[in-house]
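Reading through the structure tokens given below for one structure.
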Amino acid sequence: MRVSALEKTANYVILSLFALYAIFPIVTIAVTALRPKIGVTDPGLHIENFAEAWELGKFGSALTNSVLVALLVVSVALTFSVLAGYAFGTMRFRGSTFLFYLFLLGLMVPAEAIVIPLFFDLRTLGLTDTIWAVALPQIAQSVAFGTFWMRSQFRAMPPNLIEAASIDGAGGLRALVRIMIPPALPSIATVAVLMFMWTWNEFLIPLVMSPSGVWRTAPLGLSIFKGQYTADHALLSAAGVIIAAPIVVAFLFLQRYFINGMLEGAAKE
19 MRVSALEKTA NYVILSLFAL YAIFPIVTIA VTALRPKIGV TDPGLHIENF AEAWELGKFG
79 SALTNSVLVA LLVVSVALTF SVLAGYAFGT MRFRGSTFLF YLFLLGLMVP AEAIVIPLFF
139 DLRTLGLTDT IWAVALPQIA QSVAFGTFWM RSQFRAMPPN LIEAASIDGA GGLRALVRIM
199 IPPALPSIAT VAVLMFMWTW NEFLIPLVMS PSGVWRTAPL GLSIFKGQYT ADHALLSAAG
259 VIIAAPIVVA FLFLQRYFIN GMLEGAAKE
């Protein structure tokens, strides 16, 4: 299908407007973070706002906690998602449909509905105020989506790949590692980025599962900082940039795989 010059121009104009609409809030926050804070009259760029926000908000421990939780959640959830998606996508066994829909319950039940009884269960086990209390509920949520995503990926692959691996004497795990995972890397990277973003931005579960604040994560630290420095927009914006920076960096490193994975998913639909 041929596209006229007018249609191409209209597409570029519309996409440019949407891009500006998406980028404008980000640019606004970045510019505000460099403005003078309250009581400062110097009109220049104030990079020191980031250092001051870091020190006042004590974001070092919060960011460390978020990194540790995110690494634990993503590594465990991604491993389980690939294994479960491989089983549901390539194997036929009794009860597979029921088990798959049981996994999907993790997508249907909101965290707000179960976080309180889950807190009491974890407290009984002595896990509250530990990394496991913060990570385990998020692992369960991430595995539900990851299994759904990876099942679709593995089901879209040619069945003769598994048959050829079986003929060559490769077992199920070896076929997964050597045959199925390499072409699925874009989808795996997409799931990893999404899991990292969701875990990094999670607010309710760390708030409830760590009552003493030992495992206070970055969003909780930003919330407390916002309550203390509500009127100083420069410091608030600097703190927001600090909290968002790891997500931006992770996306920039994995954007090629992320976009490829999203495009492959759209093509399969």
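Residues 19 to 287, numbered by this note's numbering, are exactly what the sequence shown covers, in order. We put the CB at the ideal spot given by N, CA and C, even for glycine.
With a CB to CB cut of under 6 Å and the five nearest residues on each side skipped, what residues in its chain are close to residue i?
i       : result
Leu-63  : Leu-52
Phe-118 : Phe-106
Asn-83  : Trp-233 and Thr-235
Pro-264 : none
Val-209 : Gly-164 and Trp-167
Ile-47  : Ser-255 and Gly-258
Met-175 : none
Given that a residue counts as buried once 16 or more other Cβ atoms are within 10 Å of its Cβ, and exposed if not, what is residue i?
i       : result
Ile-157 : buried
Glu-130 : exposed
Leu-35  : exposed
Ile-308 : Residue 308 lies beyond the residue range present for the chain, which begins at 19 and ends at 287; the question has no answer from this structure.
Ser-241 : exposed
Glu-220 : buried
Ser-22  : exposed
Val-7   : This structure leaves residue 7 out entirely; the chain is present only between 19 and 287.
Thr-115 : exposed
Val-127 : exposed
Pro-204 : buried
Ala-202 : buried
Tyr-247 : buried
Phe-4   : Residue coverage of the chain in this structure runs from 19 to 287, which leaves residue 4 outside it and unanswerable.
Ser-255 : buried
Gln-171 : buried
Ser-230 : exposed
Leu-38  : exposed
Ser-93  : exposed
Phe-111 : exposed
Leu-120 : exposed
Arg-274 : exposed
Leu-253 : buried
Ala-95  : buried
Leu-140 : buried
Ala-182 : exposed
Leu-191 : exposed
Leu-81  : buried
Spatial neighbours of residue i within its chain, please: C-beta separation below 7 Å, excluding the five flanking residues on both sides.
i       : result
Ile-6   : No information on residue 6 is available, as it lies outside the stretch 19 to 287 that the chain covers here.
Ala-268 : Val-211 and Phe-214
Gly-75  : Gly-239, Phe-243 and Ala-257
Val-91  : Ala-153, Gln-156, Ile-157, Ser-160, Met-213 and Thr-217
Val-133 : Leu-222, Ile-223 and Val-226
Val-136 : According to the sequence displayed, residue 136 carries Leu and not Val. Counting only Cβ-Cβ distances below 7 Å, and skipping sequence neighbours, we find Pro-155.
Asp-60  : Pro-54
Ile-149 : Leu-86, Val-87, Leu-90 and Trp-233
Thr-50  : His-251, Ala-252 and Ser-255
Leu-122 : Ala-162 and Phe-166
Do residue i and the ligand SAM come close, with the Cβ less than 8 Å from some heavy atom?
i       : result
Thr-165 : The ligand SAM is absent from the structure shown, which contains no ligand whatsoever.
Leaving aside the five residues before and after residue i along the sequence, list all residues of the same chain whose C-beta is less than 8 Å from its C-beta, in chain order.
i       : result
Ala-249 : Ile-56
Gly-124 : Ala-158, Gln-159, Val-161, Ala-162 and Phe-163
Ala-28  : none
Practice task
Take every Cβ of the stretch 102-110, pair it with every Cβ of the stretch 145-159, and state whether three or more of those distances are shorter than 8 Å.
Solution key: No, because fewer than three Cβ pairs between the stretch 102-110 and the stretch 145-159 fall closer than 8 Å, the two stretches do not touch.
Handout entry: Contact the stretch 213-229 vs the stretch 79-88: 3+ CB pairs below 8 Å
Key = yes
Exercise for the section: Report yes or no: do the stretch 193-213 and the stretch 40-47 share at least 3 C-beta pairs separated by less than 8 Å? Expected result: no
Problem - Any 3 or more C-beta pairs closer than 8 Å across the stretch 91-100 and the stretch 163-170 - result: yes
Practice task
Any chance you could list the alpha helix (DSSP H) runs of at least 4 consecutive residues sitting entirely within the stretch 204-279, in chain order?
Solution key: With a minimum length of 4 residues, the continuous alpha helix (DSSP H) runs that stay inside the stretch 204-279 are 222-227 and 236-246.
Practice task
Would you list, in sequence order, the uninterrupted alpha helix (DSSP H) runs of no fewer than 4 residues that lie entirely inside the stretch 63-135?
Solution key: 66-75, 77-108 and 114-126
Problem - 4 or more residues per run - each alpha helix (DSSP H) lying fully within the stretch 21-60 - result: 23-51
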